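Taken in order, the sequence shown gives residues 15 to 166; the numbers are from my numbering. Backbone N, C-alpha and C define an ideal beta-carbon position, used for all residues, glycine too. Predicted model, so just to flag it, every value in this text is computed and none were measured.
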Amino acid sequence: MNNEASRYLELLEQRITLLDSLSETLSAARAAVVSFDIDALESRVTQQQLLCREIQTLDEQVERLQYQCAVHLRLRGGQTTDDPHAKVEDALHRLHQAQANVKQLNDVHQAVLSRSQRTVLALLHSLRTFEGSYQEAALLQATKRAGMQEHA
C-alpha cells in the first residue's frame, strides 16, 4: 500500500472513531434531557461541537487525499482481492455504518428535544393559567397567619 493509501485509511479510521464518539455523546445528551440534568446536557453539547469541528477538519483532509489516491484504490465499487484494497473497502463500510448510526441518533435526539420543548411550553402555559389562583391562595394564607398572630 502506498503512502497516500495508508494515510487515507488512517484518516478513515480516525473519522470512524470520531463518529462513534459523537454517537456516544448524542446518547448521553438524550439521557441528560430525560433526567433533566442541564449541566450534563450542556457538557455533552460542548463535546458534540468539538467533535463536529474535528470531523469537519478531518473531512477536508480526506477529501483532498481521496482525489489523489482514487485511481490507486479503485474506489468505484468494484471488488478487489488484494489486502490493502480490502482494508479500505472494510473501512468505508464501517464508516457508512457509523454515519448511519450518528444520523439515527441525531434524529432521535432531535425528536426528544422537540417533545421536551412542547412539554415545557405546556407547563409554562399551565402555570400562567393558574397563576392568579396560586397567588390568591398564598395571599389568603398569609392574611390568616397574620390575623392569628395578632390574636395570640
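As assigned by DSSP and simplified to three states, the class of residue i
i: aspartate 51; result: coil
i: asparagine 16; result: coil
Any C-beta of chain B under 8 Å from that of residue i
i: arginine 132; result: Annotation note: the requested chain B is absent from the structure, which comprises a single protein chain.
Nearest residue (CA-CA) to residue i, options the options
i: threonine 60; options: Leu72, Ser35, Val76; result: Ser35
i: leucine 127; options: Arg67, Arg108, Phe50; result: Phe50
i: arginine 21; options: Asp73, Gln118, Ala46; result: Asp73
i: glutamate 27; options: Leu109, Glu56, Gln75, Val48; result: Leu109
Proximity test, residue i beta-carbon vs the ligand COA heavy atom, cut-off 7 Å
i: valine 76; result: No copy of the ligand COA occurs in the structure displayed, which carries no ligand at all.
Spatial neighbours of residue i in its chain, beta-carbon cut-off 8 Å, leaving aside the 5 residues before and after
i: alanine 42; result: Ala54, Arg58
i: isoleucine 69; result: Arg29, Leu32, Leu33, Leu36
Burial state of residue i, where buried means 16 or more other Cβ atoms lie within 10 Å
i: threonine 157; result: exposed
i: leucine 141; result: exposed
i: threonine 31; result: exposed
i: alanine 112; result: buried
i: serine 37; result: buried
i: leucine 65; result: buried
i: threonine 39; result: buried
i: glycine 33; result: Before going on, a small fix: residue 33 reads as leucine here, not glycine. Buried is the call here.
i: leucine 137; result: exposed
Beta-carbon proximity list for residue i, same chain, < 7 Å, skipping 5 on both sides
i: leucine 23; result: Lys101, Val102, Ala105
Same chain only: Cβ atoms within 6 Å of residue i, ignoring 5 sequence neighbours per side
i: leucine 135; result: none
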